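Asker: Residue numbers (our numbering): 57 to 192. The beta carbon of each residue, even a glycine, is placed where N, CA and C say it ideally should be. Note that this is a predicted model, so its numbers are computed, not measured.
(1) Cβ atoms of residue 135 and residue 185: under 8 Å apart, would you say?
(2) Thinking C-beta only, is residue 108 closer than 8 Å to residue 92?
(3) Would you kindly work out how many angstroms separate the C-alpha atoms of residue 153 and residue 143, rounded to a whole number?
(4) Considering residue 134, what are the terminal residues of the alpha helix (DSSP H) in which it resides?
(5) How is the alpha helix (DSSP H) around residue 169 delimited, first residue to last?
(6) If distances are taken between C-alpha atoms only, which option among 112, 151, 75 comes closest to residue 137?
(7) Taking buried to mean at least 16 other C-beta atoms within 10 Å of its own C-beta, is residue 114 buried or exposed?
(8) Could you tell me which of 59, 159, 126 sits nearest to residue 68, measuring between CA atoms?
(9) Could you tell me whether the Cβ atoms of residue 57 and residue 99 are closer together than 8 Å?
(10) Taking residue 83 as part of the alpha helix (DSSP H), name the residues at either end of that continuous run.
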């Protein structure tokens, strides 16, 4: 099954909720993403097929090792892009989120390696969030 922007948005959200040690439920994902519970359930089925999440009735949704890695990668890309846009391109930190939302789905490891090389630091994004270490 192919990665898509939508799948990556789900996995990124699940990863971020895991970082905050929050319980991850269909209702919570539905509310956070502004979609119906049935849409969340359908997407979770796809993510289970991809080996990215585990689900069970009345249990929190959990990332698998493969899902954790996918989530880390999307989050790292997003935060690196935000840092690049602020530090190198001169954007204000409040202008970069939507741009990063689009660019985080680029599948070009060389691009992200070069972005990382150009930054003076790659530990925190402009909003103070830690950038996960990823070997692109």
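Answerer: A quick look at the data gives this:
(1) yes
(2) Using a Cβ distance threshold of 8 Å, residue 92 and residue 108 do not count as a contacting pair.
(3) 14 Å
(4) 121-143
(5) 165-174
(6) 151
(7) exposed
(8) 126
(9) Residue 99 is positioned such that its CB atom lies no closer than 8 Å to that of residue 57.
(10) 82-89
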